[in-house]
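Residue numbers (my numbering): -4 to 116.
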């Protein structure tokens, strides 16, 4: 393995983790509840290991995610799902463009619905 591929893998891991954290924040905003207060997260007790706690957070968030479409509509749901999974299928050179298409644009649509007093499609 070359140094450049190690850096590339590290950057991909950091990007993936950042998008998972964004997903958790979007879930918290959607439901008005912190992840640590959610019953799904309370199923797993905190540990001394930060990576285990992170894995538990992500697992709980994935379970919580199934309620998003019902709560906030398909645009918000698309943004969250892409942060969790969709970005993994994006080529490294185009993930930002796809993030705009699958996260930013749908969230802009949500903003329009809310600011116009309409319900999400």
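Every residue, glycine too, gets a C-beta built ideally from N, C-alpha and C.
Query	Result
Contact between the region 38 to 46 and the region 62 to 75 (3+ Cβ pairs under 8 Å)	no
Spatial neighbours of residue 25 in its chain, beta-carbon cut-off 8 Å, leaving aside the 5 residues before and after	63, 66, 67, 71 and 75
Proximity to residue 105 [Cα-Cα], best of 57, 28 and 73	73
Residue 44 - containing alpha helix (DSSP H), residue span	Note, residue 44: premise wrong, no alpha helix (DSSP H); not H, not E.
Alpha-carbon to alpha-carbon, residue 93 and residue 15	15 Å
Closest residue to residue 99 among 40, 78, 50 and 83 (Cα-Cα distance)	78
Three-way DSSP call (helix, strand, coil) for residue 84 in this model	helix
Within 8 Å, strictly: CB atoms of residue 17 and residue 23	no
Residue 53 versus residue 19: straight-line alpha-carbon distance, rounded	8 Å
Straight-line gap, residue 81 to residue 90 (C-alpha atoms, nearest Å)	9 Å
Anticipated Cβ contact below 8 Å, residue 35 with residue 58, distance rounded	5 Å
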